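Just below is one structure, and these are the notes that go with it.
In the numbering used here, the protein residues as written are 453 to 622.
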């Protein structure tokens, strides 16, 4: 019987990290299903969803842990299928003047409305016409089908008068 594992990977950025992890997964009969990986501040990090025969799972986890000798830290957790049949997904785009605490304020507002963050990408870059740093965020959110999506925009726009919010149904 197949088991789902969610792996987290982090290492100092260098050539061959994905190759080393995927090699260990393949050697243990695992199937690489989905991943998100990125380079940031000299580190390479990622999350990976794999499927592996339950009989091979423990050996695979041991072999992945052994990659630490090469400077690659891998952790593994059992994955589970969630029932999202009563939910919808929203795409959220935010742009505003950067300042400390904005991610905390946005995530606090979303959590207070029971909005689940599925994906989040943030960036801080100078505005096109000035050197003022702008905070930008893109997120995929999950809410109940009967949720009033206008509440999300209202709550986020209340955080700051310079925060531009765009929400669309996926």
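We put the beta carbon where it would ideally sit given N, CA and C, even for glycine. Note that the coordinates shown come from a computational prediction; the quantities given were computed from them, not determined experimentally.
Going by DSSP, residue 572 is part of the beta strand (DSSP E) stretching over 568-578. When the five nearest sequence neighbours on each side are left out, the beta carbons in the same chain lying within less than 7 angstroms of the beta carbon of residue 536 are those of 594, in order along the chain. Here DSSP, grouped into helix, strand and coil, assigns residue 595 to strand.
According to the DSSP assignment, residue 525 belongs to the beta strand (DSSP E) that extends over 524-530. Beta-bridge analysis with DSSP links residue 548 to 587.
Take residue 502, set aside five residues on each side of it, and the residues of its chain with a beta-carbon closer than 7 angstroms to its own are 457, 459, 477, 482, 483, 484, 485, in chain order. Nearest Cα to residue 466 within the set 454, 493, 488: 493. The stretch 496-511 makes no contact with the stretch 539-555: fewer than 3 CB pairs, one atom from each, lie closer than 8 angstroms. Counting only residues of its own chain and dropping the five nearest sequence neighbours on each side, residue 597 has a CB closer than 8 angstroms to the CB of 538, 539, 540.
Nearest C-alpha to residue 454 among 497, 489, 474, 505: 505. Per DSSP, the unbroken alpha helix (DSSP H) holding residue 606 starts and ends at 602-609. Only exposed fits residue 499, as fewer than 16 other CB atoms lie within 10 angstroms of its CB. Bounds of the alpha helix (DSSP H) holding residue 562 are 554-564. As a beta-bridge residue in DSSP terms, residue 489 pairs with 498. By a beta-carbon distance limit of 8 angstroms, residue 574 contacts residue 589. Their separation comes to about 5 angstroms. Here the alpha carbons of residue 579 and residue 527 stand approximately 38 angstroms from one another.
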